[in-house]
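One structure is given below, encoded as structure tokens.
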Amino acid sequence: MGSAKTLLGNWRIIETELWDCEDLDLHTQAMLSLKPKGVGRLVFIAIEAQLDYRVVMRDGLPGIEFSFHGFDEGDEVIGRGWAILKGEQLQGRLFFHQGDDSSFVAQRQPNRKSPANIGLQPTAAGARKSRRR
Numbered sequence: 018m019g020s021a022k023t024l025l026g027n028w029r030i031i032e033t034e035l036w037d038c039e040d041l042d043l044h045t046q047a048m049l050s051l052k053p054k055g056v057g058r059l060v061f062i063a064i065e066a067q068l069d070y071r072v073v074m075r076d077g078l079p080g081i082e083f084s085f086h087g088f089d090e091g092d093e094v095i096g097r098g099w100a101i102l103k104g105e106q107l108q109g110r111l112f113f114h115q116g117d118d119s120s121f122v123a124q125r126q127p128n129r130k131s132p133a134n135i136g137l138q139p140t141a142a143g144a145r146k147s148r149r150r
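Just so we're aligned: the sequence shown equals residues 18 to 150 in my numbering.
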């Protein structure tokens with residue numbers, strides 16, 4: 018089975034077979050985010066959904082299979098999908114319940130520091146705090 022760590026992070030959706038590239042970023046940057054413990058987020062066009070995923074091997078490559086649940090301009094959307102890791106890209110397919118399906122390609126994004134962590138430095142193990150006398 019593939020390692021979840023190789024798949025964790027933010028993946029920028031750069032291409033689909035059904036929707037035009039310029040439409041993908043309609044409200045915000047099109048993204049598939051994979052976090053630890055099998056949770057994530059799918060955002061593109063006007064869709065914002067939560068993911069529940071499992072790490073799998075598919076055709077000998079590490080990948081994920083997932084379900085999603087969210088909203089598209091206020092309308093509920095649910096579905097499923099899969100993706101495999103090919104180089105630095107996730108390539109897969111989305112299936113909307115009783116609706117469209119499309120292939121997609123997502124490019125790995127560099128890790129960014131969380132705003133809450135900017136400026137914080139880790140404490141060295143065993144370091145002593147200075148004390149005033």
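Beta carbons: idealized from backbone N, C-alpha and C, even for Gly.
- Three or more beta-carbon pairs separated by less than 8 Å are not found between the stretch 32-47 and the stretch 66-73, which leaves the two stretches without contact.
- Annotation: E34 is outside any beta strand (DSSP E) and is labelled neither H nor E by DSSP.
- Distance from W36 to I62 at the Cβ level is roughly 6 Å; contact confirmed, criterion being Cβ atoms closer than 8 Å.
- Going by DSSP, E82 is part of the beta strand (DSSP E) stretching over 78-89.
- Per DSSP, D117 is not a residue of any beta strand (DSSP E), being assigned neither H nor E.
- For G57, the secondary structure class from DSSP, reduced to helix, strand or coil, is strand.
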